[in-house]
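Participant:
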Amino acid sequence: MEGEGNVKSFRFFFYIAVIIILNLIPLKAFAYSYGDPNKEAVAEAYKEMKEKLNEQPPNFAAAKEIFGTIKEEIDMHMGPEPSKAVLAAIEAKDRQAVIKDMEKILVLNIARRLDNIEANFDQYDTSKRLLAKAFATYEALSPIIQGKDPALDKQLRTEFDKALQSLGNPGLFGVGEKKSDINVFKKSKETILTTLQKQFGLKSLKVGHFSESAAEKPDAVQKKEWTDLSKAKNWIPLIVIVVVVLGAALIYVRRRKRA
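For the numbering used here, add 7 to where a residue sits in the sequence shown, where the first one is 1.
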């Protein structure tokens with residue numbers, strides 16, 4: 008009877024551990040895969056539009072349809088003017104104008120991302136995700152710059168890397184913590200935006216006026232870094248909890264047995 012009681016006690020603590028873990032892990036993590044933070048919808052649309060416009064003859068209808076998938080986002084963050092310019096160029100069947108206008112939108116999108124990082128610099132997870140999206144946008148523009156000046160492309164990539172390092176790292180339970188440096192970030196941001204503005208001929212990098220709530224809402228399919236269970240390090244807190252709970256259960260069982 009005593010052995011049976013010990014088994015029941017152990018099971019009880021085991022079930023408690025399972026309940027704790029299930030409450031810590033977002034249910035959506037099991038339901039579906041999350042969006043890639045290294046992809047940017049506007050940049051992806053630009054690449055798809057360019058591909059369609061490079062067909063012979065250029066497929067303006069397909070390009071317009073692709074642009075329709077990002078128009079709402081562009082209007083929200085940059086105002087209606089950029090969309091009007093792109094759609095007018097599509098209607099005029101001006102391939103070069105469409106591509107040039109889209110390239111300017113990408114530069115504005117990078118500026119928007121970097122501005123939001125600076126405004127919320129202490130929010131590591133959000134800043135890191137936004138920087139990944141800014142760099143993904145630059146990746147779409149990189150072939151153009153690389154074609155003109157490979158050294159400049161390399162310099163801009165280095166500045167993005169410096170910006171990433173400037174975010175620091177909160178570490179895991181304080182382990183591996185690295186302090187952030189907003190001044191380093193500002194310098195890299197200035198170099199990146201000044202260079203892109205000059206390369207793509209923008210008079211201003213102002214992206215229009217929109218409410219604070221619309222400035223940067225986390226994407227519906229994004230998860231915080233610590234809940235990304237595809238990363239081995241994020242299992243550590245869960246494993247620690249299990250070990251502690253089960254350890255307590257074993258101690259409890261052994262003490263009862265001795266008693």
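Note that the Cβ used here is the ideal one computed from N, Cα and C, for glycine as well. A quick note: this is a predicted structure, and the numbers were derived from the prediction, not measured.
1. Can you name, in chain order, every residue of its own chain whose Cβ lies under 8 Å from the Cβ of residue 97, other than the five neighbours on each side?
2. Apart from the five residues on each side of it in sequence, which residues of its chain come closer than 8 Å, Cβ to Cβ, to residue 187?
3. In chain order, what residues of the same chain have a beta carbon less than 8 Å from the beta carbon of residue 108, not counting five sequence neighbours either side?
4. Does DSSP put residue 176 in a helix, in a strand, or in coil?
5. Do three or more CB pairs link the segment 202–214 to the segment 109–127 at distances below 8 Å?
6. Taking the C-alpha atoms as reference points, what is the distance between residue 228 and residue 60?
7. Alpha carbon to alpha carbon, what distance is there between residue 102 and residue 163?
8. What are the boundary residues of the alpha helix (DSSP H) that includes residue 97?
9. For residue 54, which residues in the same chain have their Cβ closer than 7 Å to its Cβ, ignoring the five residues on either side in sequence?
10. Exposed or buried, what is residue 159 when buried is set at 16 or more other beta-carbons lying within 10 Å of its beta-carbon?
11. By the DSSP assignment, the alpha helix (DSSP H) with residue 124 in it spans what residues?
12. Starting from residue 190, trace the alpha helix (DSSP H) in both directions and tell me its first and last residue.
13. Tell me where the alpha helix (DSSP H) around residue 149 begins and ends.
14. Taking DSSP's pairing of strands, which residues face residue 185 in a bridge?
15. Let's see if you can read the secondary structure: which residues bound the alpha helix (DSSP H) around residue 57?
16. How would you write the range of the alpha helix (DSSP H) that residue 81 sits in, first residue to last?
17. Report the rounded CA-to-CA distance for residue 149 versus residue 193, giving the unit in angstroms.
18. Please report the straight-line C-alpha distance between residue 144 and residue 167, rounded to a whole angstrom.
19. Among 189, 110, 141, which has the Cα closest to the Cα of residue 205?
20. For a test of the three-state rule: what should DSSP assign to residue 223, helix, strand or coil?
21. With distance defined between alpha-carbon atoms, name the residue in 190, 50, 112 nearest to residue 85.
22. Rounded C-beta distance between residue 80 and residue 49? I'm assuming under 8 Å.
Facilitator: Reading off the structure:
1. 67, 70, 71, 74, 105
2. Cβ within range, chain order: 128, 129, 131, 173, 174, 175.
3. 89, 92, 93, 96
4. strand
5. yes
6. At residue 228, the pLDDT of 33 sits below 50, so the modelled position is not reliable; the number obtained from the coordinates is stated separately. Taking the straight line joining both Cα atoms gives about 30 Å.
7. Between the alpha carbons of residue 163 and residue 102 lies a distance of about 27 Å.
8. 88–98
9. The beta carbon of residue 54 sits closer than 7 Å to the beta carbons of 147 from its chain, once the five residues preceding and following it are set aside; these are given in chain order.
10. Exposed, by the Cβ-count rule.
11. 102–126
12. 189–206
13. 131–155
14. 176
15. 48–60
16. 78–85
17. Cα-Cα distance, rounded: 21 Å.
18. 12 Å
19. 110
20. Because residue 223 sits at a pLDDT of 46, beneath the cut-off of 50, its placement in the model cannot be relied upon, and the point is left open.
21. Residue 112 is the option with its Cα nearest to residue 85.
22. 7 Å
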